[in-house]
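Please read the structure below before turning to the comments.
Residue numbers (mature numbering (1 follows the signal peptide of the UniProt record, and there is no 0)): -19 to -1, 1 to 142.
This is the structure we're talking about:
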């Protein structure tokens, strides 16, 4: 009975030792695949973050440029308004009405020009925003693809064993 018990115990120990030696490399290979996957994912996420930052900077530049153009156009319109009012004030009493009409015409032209500049500037910013959204979406898609590939590699490695 003792021999039988000793043989069974030795068999269990041998089986456990064999199982440990076989699972260690399997776990190690899967762990290495997971580490590689995490590196790939982190790399993709960093690329995406950098792309988003670059795109946001481009949008900010476009917005700043547009704001400058709008301010310049508004300043020109204001100057035109001041000049027109000065001419009206300097006009002879009998010519005031004629000068006022001429001034109104100039001011309207300056305001129209400013409105046109604003519209152009806003269109450029809108275009830049649309491009930014596209670039962000593409970067996110690339990141998602990298994550999916990395996870697939881990599953593939785990399936081998």
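Note that the Cβ used here is the ideal one computed from N, Cα and C, for glycine as well.
* To do: Note down, in chain order, each residue of its chain lying with its Cβ closer than 7 Å to the Cβ of residue 110, except the 5 sequence neighbours on either side.
  => 40
* To do: Assign residue 4 to buried or exposed, taking buried as 16 or more other Cβ atoms, counted over all protein chains shown, within 10 Å of its Cβ.
  => Residue placement at residue 4 is poorly supported in this model, since its pLDDT is 49, which falls under 50; the coordinates are not used for a value here.
* Asked: On the three-state DSSP scale, how would you describe residue 102?
  -> helix
* Three-way DSSP call (helix, strand, coil) for residue 45 in this model -> helix
* Asked: When the distance is taken between beta carbons, is residue 121 closer than 8 Å to residue 29?
  -> yes
* To do: Could you have a look at residue 59 and say whether DSSP puts it in helix, strand or coil?
  => helix
* **Cutoff 7 Å; reference residue 50; Cβ partners in own chain excluding five residues on either side** => 98 and 102
* To do: Rounded to whole angstroms, what's the CA-CA distance from residue 78 to residue 90? Just pull it up for me.
  => 18 Å
* To do: Compare the C-beta of residue 23 against all C-beta atoms of chain C and say whether one is closer than 8 Å.
  => Absence of chain C from the displayed structure is noted, only one protein chain being present.
* Outcome for residue 135 when other beta-carbon atoms lying within 10 angstroms are tallied against a minimum of 16 -> buried
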